[in-house]
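> After the structure tokens below, expect a handful of questions from me.
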Amino acid sequence: MVHYTTIVKASLDKVWQHLILKIEKPGNFVPGVSDVHILEKKEDFVTRKMTITSEGNATTLIEKITFEPYKVRFLLLEHPKFEGYVDNDIKAISNDETEMTFTINWKDKTSQAEFNNQELVKNAVLKTKKYIEEN
Numbered sequence: 022m023v024h025y026t027t028i029v030k031a032s033l034d035k036v037w038q039h040l041i042l043k044i045e046k047p048g049n050f051v052p053g054v055s056d057v058h059i060l061e062k063k064e065d066f067v068t069r070k071m072t073i074t075s076e077g078n079a080t081t082l083i084e085k086i087t088f089e090p091y092k093v094r095f096l097l098l099e100h101p102k103f104e105g106y107v108d109n110d111i112k113a114i115s116n117d118e119t120e121m122t123f124t125i126n127w128k129d130k131t132s133q134a135e136f137n138n139q140e141l142v143k144n145a146v147l148k149t150k151k152y153i154e155e156n
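If you want the working numbering, it's the position in the sequence shown, counting the first as 1, plus 21.
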């Protein structure tokens with residue numbers, strides 16, 4: 022498990038609205054995203070298919086996304102290499118500051134080794150922070 026936390030200069034409500042937007046428009050928040058398709062949309066979850074390109078390699082994945090204030094969970098349903106989930110958690114620090122933590126809890130399907138790319142999670146958090154603060 023790898024995680025990264027930062028403070029976003031925005032209200033809890035604004036950050037939450039952006040995390041909900043991230044479900045259908047992940048390209049604004051996650052580096053390398055393309056070809057996003059919502060496969061199913063219910064009151065309490067969304068199933069999404071998308072492609073992520075990193076270091077020249079494209080990976081298509083399907084996720085079941087659940088959300089309740091103030092946590093969004095991205096559960097991998099289909100991924101060629103990993104299984105597990107990503108959590109996006111937020112909590113208010115003040116009226117105009119919110120603590121945001123992304124936790125990646127993925128394991129390699131074959132070796133069961135834990136995913137351990139700190140730089141990837143940091144970049145995702147910082148891209149999300151920048152987008153929220155600028156929009």
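Glycine is no exception: its CB is placed at the ideal position from the N, C-alpha and C atoms. Quick caveat, the model's predicted, so the values are computed rather than measured.
(1) Is it the case that the CB of E84 approaches a heavy atom of the ligand SAM more closely than 7 Å?
(2) Please name the residue in I44, T74 and A134 whose C-alpha comes closest to that of N109.
(3) Could you tell me whether the stretch 115-122 touches the stretch 74-89, where touching means 3 or more Cβ pairs closer than 8 Å?
(4) Under 6 Å Cβ to Cβ from W127, same chain only, skipping five residues before and after it: list those, please.
(5) May I have the straight-line CA-CA distance separating I111 from A79, to the nearest angstrom?
(6) Output the boundary residues of the alpha helix (DSSP H) element that contains D110.
(7) Would you say T149 and H24 are within 8 Å of each other, going by their C-beta atoms?
(8) Would you mind sorting H58 into buried or exposed? The rule is 16 or more other CB atoms within 10 Å of its CB.
(9) If contacts are defined as beta-carbon pairs under 8 Å, then E154 and V29 qualify, I think. What distance do you get, rounded to the angstrom?
(10) Nearest to F95 by CA position, among R69, V36 and T81, is which residue?
(11) Terminal residues of the continuous beta strand (DSSP E) containing H24?
(12) State buried or exposed for P47, treating a residue as buried only when at least 16 other CB atoms are found within 10 Å of its CB.
Working from what's here:
(1) As for the ligand SAM, it is missing from this structure, which has no ligand bound.
(2) Nearest of I44, T74 and A134 to N109, Cα basis: I44.
(3) Between the stretch 115-122 and the stretch 74-89 there are fewer than three C-beta pairs closer than 8 Å, too few to call the two in contact.
(4) Cβ-Cβ distances below 6 Å link W127 to F103, G105 and F136 in the same chain, with the five nearest sequence neighbours on each side left out; the list follows chain order.
(5) Across the structure, I111 and A79 are spaced so that their CA atoms are roughly 29 Å apart.
(6) Counting along the chain, D110 falls outside any alpha helix (DSSP H), though it belongs to the beta strand (DSSP E) covering F103 to S115.
(7) In this structure, T149 keeps its C-beta atom at 8 Å or more from the C-beta atom of H24.
(8) With fewer than 16 Cβ atoms within 10 Å of its Cβ, H58 is classed as exposed.
(9) Indeed they touch by this definition, with Cβ atoms about 6 Å apart.
(10) Here the closest residue by C-alpha is R69.
(11) Per DSSP, H24 belongs to the beta strand (DSSP E) from V23 to V29.
(12) Classification of P47: buried, given that the 10 Å Cβ count is 16 or more.
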